[in-house]
Amino acid sequence: MQGSCEPAFSEVREAFLANFRDGIDHGAAFAVVKGGSQLVDLWGGYADAARECLWQRDTMVCVQSVTKSLVALSLAMLVDRGRLRYDAPVAEVWPAFAAGGKGEITLAQVLSHQAGLNSVRERLELQDLYRGDRFIRALEAMEPLYRPGSQCIYHALSYGFLGAEILRRADGRSIGRFIAEEIAGPLQASIYLGLPAEEDHRAAEIVPAPDADDPMEEASRRPSAFGYVNPRVRPSEPNTRVWRAAEMPAGSAHADALSLARVYAALAAGGRAGDVTLLSPEGLAVATRERFDGIEGGFGWPIRFAAGFMLNKEAIFGPSPRALGHTGWGGYMAYGDPDAGIGVAYVTNRMSTFGGEADPRRVRLLEALYRAL
67 MQGSCEPAFS EVREAFLANF RDGIDHGAAF AVVKGGSQLV DLWGGYADAA
117 RECLWQRDTM VCVQSVTKSL VALSLAMLVD RGRLRYDAPV AEVWPAFAAG
167 GKGEITLAQV LSHQAGLNSV RERLELQDLY RGDRFIRALE AMEPLYRPGS
217 QCIYHALSYG FLGAEILRRA DGRSIGRFIA EEIAGPLQAS IYLGLPAEED
267 HRAAEIVPAP DADDPMEEAS RRPSAFGYVN PRVRPSEPNT RVWRAAEMPA
317 GSAHADALSL ARVYAALAAG GRAGDVTLLS PEGLAVATRE RFDGIEGGFG
367 WPIRFAAGFM LNKEAIFGPS PRALGHTGWG GYMAYGDPDA GIGVAYVTNR
417 MSTFGGEADP RRVRLLEALY RAL
């Protein structure tokens, strides 16, 4: 284990180390940022399955659905600038989207997983995730799978392409370029949606635990959750160069923990970090207003959504009811806690679902963190 933490957070260091001692982590990083200060910046373990390459300070990993919160932030920035409106129909900026009776679906419904577009009817191949065009055309032409606004079913893959296409039509840039120029660049953060080949050496190898594919197996048995397996993504897929290079905006962003913590520290501080403004306080309030609180219809999870951000429920982001962020398949987490004024991120290359229970690695870290706070 390497890195540093403020003396008051020594218990967090011990909790991080305990995850390796107990054999439940392989390679990981944990960071906590408040304002311009790094309270915790720890990393350890191995970046490869063979345990030959140590995890380094600049090691990045595919953060799965934490990517969705970067899409949500990008769209929130356009809303804040008056380029989009949450309660306006998506068809205002994407006229062809109105086909199939989708003319009244709003941006807020898309981002809160209530658009009825949790999958597409035609069968897709993995290569369709990498190019995106066929996925977008299928979404454009289809009818909703349920009445928009009537329920929330997690849009596991379609969320990203919907958000990216809306952003492209409102702004002109791809979602990967927008994140690079408007978020990662200004914050000097190592966050990529579309990892360049020259950065490939920094990408950790995903090491799936035996249970990592359990959610996909369960989804294949639930008609309402078939969006997870159309197409089906294997846990080891992020180890391929084609995945890393793709702008797959539902889950292929690569980042390190400290960079994600910086993003969320800005949101926890009202949308600003130093001289970098991501969102105005008013824009942040609109983006993080609750849009859904209840039971997700695919797997039956209790969940709360703002406009693309997960809102804290069942203390997944610590004790603050105002905390917001996103988790990712296999154990990833990034969030901001405005009550404590902190941004927090945990990343790992050992994908595990721990039988669907709360991830003990994150639980241990957050318990230690809030005791220290």
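To get our numbering, take the position in the sequence shown, counting from 1, and add 66.
From the three backbone atoms N, C-alpha and C, an ideal C-beta is built for every residue, glycine too.
Practice item. Return the CA-CA distance between residue 213 and residue 373, expressed in angstroms with no decimal places. Key: Sequence index remark: in the sequence shown, residue 213 carries index 147 (1-based). Sequence index remark: in the sequence shown, residue 373 carries index 307 (1-based). Spanning the two alpha carbons is a distance of roughly 19 angstroms.
Check your understanding: Hey, how far is the Cα of residue 311 from the Cα of residue 262?
Key -> Taking the sequence shown and counting its residues from 1, one reaches residue 311 at position 245. Taking the sequence shown and counting its residues from 1, one reaches residue 262 at position 196. C-alpha separation (whole angstroms): 6 angstroms.
Check your understanding: For residue 370, which three-state DSSP category applies?
Key -> Stepping through the sequence shown from its first residue, residue 370 is reached at position 304. Strand.
Review point. Taking 7 angstroms as the line, does the beta carbon of residue 218 fall inside it for any heavy atom of the ligand GDP?
Key: Absent from the structure shown: the ligand GDP. Ligands present: none.
Point to revise | residue 414: first and last residue of the uninterrupted beta strand (DSSP E) it sits in | key: Start at 1 with the first residue of the sequence shown, and residue 414 comes out as number 348. Residue 414 -> beta strand (DSSP E) spans 408 to 414.
Review point. If we ignore side chains and look at the alpha-carbon of each, how far apart do residue 243 and residue 128 end up?
Key: As a position in the sequence shown, residue 243 is number 177, starting the count at 1. As a position in the sequence shown, residue 128 is number 62, starting the count at 1. Straight-line spacing of the CA atoms in residue 243 and residue 128 works out to 17 angstroms.
Practice item. Have a look at residue 380 and residue 389 and give me their C-alpha separation to the nearest angstrom. Key: For this step, residue 380 is matched to residue 314 along the sequence shown. For this step, residue 389 is matched to residue 323 along the sequence shown. If you take the alpha carbons of residue 380 and residue 389, they lie about 11 angstroms apart.
Check your understanding: If you compare alpha carbons, which of 186, 207 and 110 is closest to residue 292?
Key -> Position 226 of the sequence shown, counted from the first residue, corresponds to residue 292. With distances taken between Cα atoms, residue 292 lies closest to 186.
Review point. Do the region 194 to 209 and the region 130 to 148 meet, that is, are 3 or more Cβ pairs less than 8 angstroms apart?
Key: no
Review point. Taking the Cβ atom as the reference point for each residue, do residue 271 and residue 95 lie within a distance shorter than 8 angstroms?
Key: Start at 1 with the first residue of the sequence shown, and residue 271 comes out as number 205. Start at 1 with the first residue of the sequence shown, and residue 95 comes out as number 29. Contact: no.
Review point. Thinking just about the alpha-carbon of each residue, which of 217, 191 and 200 is nearest to the one in residue 184?
Key: Mapped onto the sequence shown, residue 184 falls at position 118. Of the candidates 217, 191 and 200, the one whose C-alpha sits nearest the C-alpha of residue 184 is 217.
Exercise for review: Using the Cα positions of residue 265 and residue 305, report the straight-line distance between them to the nearest angstrom.
Suggested key: Position 199 of the sequence shown holds residue 265. Position 239 of the sequence shown holds residue 305. Across the structure, residue 265 and residue 305 are spaced so that their CA atoms are roughly 13 angstroms apart.
**Study point:** Whole beta strand (DSSP E) elements within the region 70 to 123, 3-residue minimum
**Key:** 93 to 100 and 103 to 111
Point to revise | DSSP state of residue 53 mapped onto helix, strand, coil | key: This structure cannot speak to residue 53, because the chain is shown only from 67 to 439.
Point to revise | Nonlocal neighbours in the same chain, by C-beta distance under 6 angstroms from residue 167, ignoring five residues either side | key: By one-based count along the sequence shown, residue 167 stands at place 101. Here the set comprises 209.
Check your understanding: What number of angstroms, rounded off, separates the C-alpha of residue 295 from the C-alpha of residue 331?
Key -> The count along the sequence shown starts at 1 and reaches residue 295 at position 229. The count along the sequence shown starts at 1 and reaches residue 331 at position 265. About 34 angstroms.
Check your understanding: Taking Cβ to Cβ, would you say residue 78 is nearer than 8 angstroms to residue 400?
Key -> The residue given as residue 78 occupies position 12 in the sequence shown. The residue given as residue 400 occupies position 334 in the sequence shown. Cβ atoms of residue 78 and residue 400: not closer than 8 angstroms.
**Study point:** Sheet register partners of residue 44 (DSSP bridge)
**Key:** A question about residue 44 goes unanswered here, because the residues of the chain that appear run from 67 up to 439.
Point to revise | Rounded separation between residue 403 and residue 101 - CA only | key: The sequence position of residue 403 within the sequence shown is 337, counting from 1. The sequence position of residue 101 within the sequence shown is 35, counting from 1. The straight-line gap from Cα to Cα measures roughly 12 angstroms.
Review point. So the alpha helix (DSSP H) residue 400 belongs to, where does it begin and stop?
Key: Within the sequence shown, residue 400 is the residue found at index 334, counting from 1. Where residue 400 is concerned, there is no enclosing alpha helix (DSSP H), although the beta strand (DSSP E) it sits in stretches over 398 to 403.
Practice item. Whole angstroms is fine: what's the gap from residue 324's alpha carbon to residue 174's? Key: To locate residue 324, count along the sequence shown from 1; it is residue 258. To locate residue 174, count along the sequence shown from 1; it is residue 108. Each residue's alpha carbon lies about 29 angstroms from the other.
**Study point:** residue 318 beta carbon less than 8 angstroms from that of residue 245
**Key:** Position 179 of the sequence shown, counted from the first residue, corresponds to residue 245. Position 252 of the sequence shown, counted from the first residue, corresponds to residue 318. No, they are not a contact pair.
**Study point:** Secondary structure, alpha helix (DSSP H): runs of 4+ residues fully inside the region 214 to 238
**Key:** 224 to 237
Review point. So residue 408 and residue 98 are in contact, right, with Cβ under 8 angstroms, and what is the actual spacing, rounded?
Key: Within the sequence shown, the letter at position 342 stands for residue 408. Within the sequence shown, the letter at position 32 stands for residue 98. About 6 angstroms separates the two Cβ atoms, so the contact holds.
Point to revise | Pair within 8 angstroms by beta-carbon distance, residue 226 and residue 315 | key: As a first step, residue 226 must be located in the sequence shown, where it is residue number 160. As a first step, residue 315 must be located in the sequence shown, where it is residue number 249. Yes, the pair counts as a contact, with Cβ atoms nearer than the cut-off.
Check your understanding: Are there 16 or more other CB atoms within 10 angstroms of the CB of residue 425, so buried, or fewer, so exposed?
Key -> Translated into positions along the sequence shown, residue 425 becomes position 359. Per the 10 Å Cβ criterion, buried.
Exercise for review: Within the same chain, show all residues whose beta-carbon is closer than 6 angstroms to that of residue 280, passing over the 5 residues directly before and after it, in chain order.
Suggested key: On the sequence shown, position 214 is the one that residue 280 refers to. The residues are 419.
Review point. Per DSSP, what kind of secondary structure is residue 440 in: helix, strand or coil?
Key: Outside the displayed range of the chain (67 to 439) lies residue 440, so it cannot be described from this structure.
Review point. Cα separation between residue 427 and residue 196?
Key: The residue labelled residue 427 in the question sits at position 361 within the sequence shown. The residue labelled residue 196 in the question sits at position 130 within the sequence shown. For residue 427 and residue 196, the distance between alpha carbons rounds to 31 angstroms.
Check your understanding: Taking all protein chains shown into account, do 16 or more other C-beta atoms lie within 10 angstroms of the C-beta of residue 237, making it buried, or fewer, making it exposed?
Key -> Start at 1 with the first residue of the sequence shown, and residue 237 comes out as number 171. The residue is buried, with at least 16 neighbouring Cβ atoms inside 10 Å.
Practice item. With a cut-off of 8 angstroms on the beta carbons, I'd call residue 416 and residue 91 a contact; round off their distance for me. Key: By 1-based counting over the sequence shown, the position of residue 416 is 350. By 1-based counting over the sequence shown, the position of residue 91 is 25. The pair is a contact, with the Cβ atoms about 6 angstroms apart (cut-off 8 angstroms).
**Study point:** Test item: CB-CB of residue 201 and residue 190 under 8 angstroms
**Key:** Locating residue 201 in the sequence shown gives position 135, where the first residue counts as 1. Locating residue 190 in the sequence shown gives position 124, where the first residue counts as 1. Yes, Cβ-Cβ distance for residue 201 and residue 190 is below 8 angstroms.
Practice item. In angstroms with no decimal places, state the Cα-to-Cα distance between residue 348 and residue 287. Key: Here residue 348 is taken as the residue at index 282 of the sequence shown, counted from 1. Here residue 287 is taken as the residue at index 221 of the sequence shown, counted from 1. When rounded, the distance between both Cα atoms is 43 angstroms.
Check your understanding: Which partner residues does residue 359 have in the DSSP bridge list?
Key -> Here residue 359 refers to the residue found at position 293 of the sequence shown. The partner list for residue 359 (beta bridge, DSSP) reads 370.
Point to revise | Identified DSSP bridge partners for residue 342 | key: Numbered from its first residue, the sequence shown carries residue 342 at position 276. In DSSP, residue 342 forms a bridge with 339.
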